[in-house]
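In the numbering used here, the protein residues as written are 3 to 190.
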């Protein structure tokens with residue numbers, strides 16, 4: 003029951019991350035960035051909750067990749083909150099004594115830089131490999147069957163197989179990575 007529960011939690015995290023990808027890519031939506039970050043934080047929480055049953059080295063690699071993406075999301079989200087939520091009331095309270103324009107300009111520059119880096123990360127093979135690994139039932143193979151743990155595809159293989167254009171993954175309203183991955187694999 004516990005391995006099945008872990009699979010359900012990981013699938014829910016993957017689904018939440020996947021559902022927010024279009025909003026982040028098409029609009030840079032602040033709420034989509036937040037929800038994607040929440041999904042990755044939940045994945046880390048699942049790791050802690052199920053630590054007694056997961057010893058798979060590949061699971062640790064998957065968590066490292068999730069941490070990489072969470073870092074990109076976090077940088078942008080933190081700057082967005084600072085610019086849109088934290089700074090305005092402070093600037094309003096001190097508008098007569100402090101010029102916040104240079105700070106606002108610098109924060110906007112940093113936010114745009116973080117946005118560019120996040121978009122590049124979201125379009126990367128590394129991100130696609132992470133999404134595939136989260137969707138692939140074998141990603142948790144070591145949880146159920148420690149003898150077959152070594153059959154998991156390597157990260158290098160996931161990178162090679164995730165080389166399709168990003169638009170192929172999200173075309174025609176198909177937000178299922180598994181469906182897209184199958185289409186992609188058939189065209190390689």
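Yeah, the Cβ is synthetic: ideal placement off N, Cα and C, and Gly gets one too.
Integer Cβ distance of residue i from residue j, believed to fall under 8 Å
i          : j          : result
residue 42 : residue 72 : 4 Å
residue 8  : residue 52 : 5 Å
8 Å CB neighbourhood of residue i in its chain, flanking five on each side removed
i           : result
residue 129 : 71 and 123
residue 65  : 45, 46 and 49
residue 96  : 102
residue 86  : 32
residue 40  : 18
residue 93  : 100, 102 and 106
6 Å Cβ shell around residue i - same chain, five flanking residues per side excluded
i          : result
residue 16 : 136 and 137
residue 25 : 31 and 34
residue 54 : none
Buried versus exposed call for residue i [16 or more other C-beta atoms within 10 Å across all chains shown]
i           : result
residue 114 : exposed
residue 60  : buried
residue 62  : exposed
residue 91  : exposed
Beta-carbon proximity check, residue i vs residue j, cutoff 8 Å
i           : j           : result
residue 75  : residue 35  : yes
residue 68  : residue 134 : no
residue 78  : residue 117 : yes
residue 38  : residue 19  : yes
residue 106 : residue 89  : yes
_Quick check on the DSSP output: what are the complete alpha helix (DSSP H) runs of length 4 or more inside the segment 39–97, in order along the chain?_
Taking only runs of at least 4 residues, the alpha helix (DSSP H) segments lying wholly in the segment 39–97 are 59–83 and 89–95.
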